[in-house]
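To start, the structure itself, in structure tokens.
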Amino acid sequence: MRLLVIGAGNMGLTYSEGMAKSSLLNRHKLMIYDKSPELVVSLSKIEHFDVYDNIEECLPEADVVFLAVKPYHVDELFEEIKPLVNNDQIFVSIMAGVTIEKIQAGLGVKKVVRAMPNLPAQVGKGVTSYTEAKEVSRVELLMIRNLLDTTGESIKVENENYIDASTGISGSGPAYVFYFMQSMLEAALKMGFSKNDSKVLVSQTFEGAVELFNQSDLSPETWMERVASKGGTTRAALDSMEDNNVKELIKDAAYAAFDRAVELGKQ
Numbered sequence: 152m153r154l155l156v157i158g159a160g161n162m163g164l165t166y167s168e169g170m171a172k173s174s175l176l177n178r179h180k181l182m183i184y185d186k187s188p189e190l191v192v193s194l195s196k197i198e199h200f201d202v203y204d205n206i207e208e209c210l211p212e213a214d215v216v217f218l219a220v221k222p223y224h225v226d227e228l229f230e231e232i233k234p235l236v237n238n239d240q241i242f243v244s245i246m247a248g249v250t251i252e253k254i255q256a257g258l259g260v261k262k263v264v265r266a267m268p269n270l271p272a273q274v275g276k277g278v279t280s281y282t283e284a285k286e287v288s289r290v291e292l293l294m295i296r297n298l299l300d301t302t303g304e305s306i307k308v309e310n311e312n313y314i315d316a317s318t319g320i321s322g323s324g325p326a327y328v329f330y331f332m333q334s335m336l337e338a339a340l341k342m343g344f345s346k347n348d349s350k351v352l353v354s355q356t357f358e359g360a361v362e363l364f365n366q367s368d369l370s371p372e373t374w375m376e377r378v379a380s381k382g383g384t385t386r387a388a389l390d391s392m393e394d395n396n397v398k399e400l401i402k403d404a405a406y407a408a409f410d411r412a413v414e415l416g417k418q
């Protein structure tokens, strides 16, 4: 199998690095195409990549094509590559808001998988939701899932509405976590901790809490009750969050990302 990734930005490169190690490639080097001369030069130094700045040299050779460009570049991309594609190729899109139907119409192809990854894929801890066009066979979809799993875990969702929804939860979600972490870091610094000690306090707290959650069947609500005691320090913090409606604001933020993904699909 020959695999091509179009676009070597954050997510394109993340998936490239994960998939390049996959036995599915049968010792073929993963192909990457990007228009940036600087990226082409730097990526060419990586042993397990074949890097191209001419799409005509690589796209016709690919069995699976990952589309990893920014959504606002999609029309330009389709115009460029449509004459070079064929109906035997499988196209996997990790472009937010770009529907399967738009890809099929824009490229004149049938086999399309739409996926929504997230940034922790860079460290093998990503989660990717995906769904497929009816023309993608079960065998082909299993192959695609195995490729997605090289960067973490993947979940198959029923339809594209869940792809947009997962954008609001897992796709954009790491930024919500970083937002919370940044707030705690600033609080720690204000309390007098050093920058390094603040980082350790916050990062270990997050990592430990996630590990507790993953290793049990307890809900986050139950864990909060285990940490908090009546009249104690944790209860004071949780009461402050409740008084300031933090939970609802976080939900609103997730829905804002979801709504934006839907808007992008309509543009």
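As numbered in our numbering, residues 152 to 418 make up the sequence shown, in order. Beta carbons: idealized from backbone N, C-alpha and C, even for Gly.
- With respect to A387, G322 sits apart: the two C-beta atoms are not nearer than 8 Å.
- Taking C-beta atoms as the reference points, M182 and L218 fail to come closer than 8 Å.
- Counting the other CB atoms within 10 Å of its CB gives M375 a total below 16, which places it among the exposed residues.
- The DSSP assignment places complete beta strand (DSSP E) segments of no fewer than 3 residues inside the region 196 to 274 at 200 to 203, 215 to 218, 241 to 244 and 263 to 267, in order along the chain.
- Where V156 is concerned, the enclosing beta strand (DSSP E) starts and stops at L154 to I157.
- Within the model, the alpha-carbon separation for G324 versus N310 is close to 20 Å.
- The beta carbon of A339 is closer than 7 Å to those of S349, L352 and V353 in its chain, skipping five residues each way along the sequence.
- Shown here, S349 sits in a helix according to DSSP, grouped into three states.
- For M182, the pairing in a beta bridge is given by DSSP as L155 and D201.
- In this structure M170 touches T301 by the C-beta definition: roughly 5 Å separates them, less than 8 Å.
- In the structure shown, the three-state DSSP call for G382 is coil.
- Contact check between the region 249 to 262 and the region 284 to 299: three or more CB pairs, one atom from each, fall below 8 Å, which counts as touching.
- With a beta-carbon spacing of about 5 Å, I245 and P268 fall inside the 8 Å limit used to define contacts.
- Per DSSP, G277 is one residue of the beta strand (DSSP E) stretching across G277 to E283.
- Burial check for V290: the Cβ neighbour count within 10 Å stays below 16, so the residue is exposed.
- When DSSP reads this structure, S305 sits in a beta bridge with T279.
- Contact check for A316 against T165 fails: the beta carbons are separated by 8 Å or more.
- For a cut-off of 8 Å, the C-beta gap from D214 to M152 is around 5 Å, short enough to register as a contact.
- A residue is called buried once 16 or more other Cβ atoms fall within 10 Å of its Cβ, and F409 is buried on that count.
- Per DSSP, reduced to three states, the secondary structure at F344 is coil, with no helix or strand assignment.
- Per DSSP, the continuous alpha helix (DSSP H) segment holding T165 begins and ends at N161 to M170.
- K381 has its alpha-carbon roughly 45 Å from the corresponding atom of N161.
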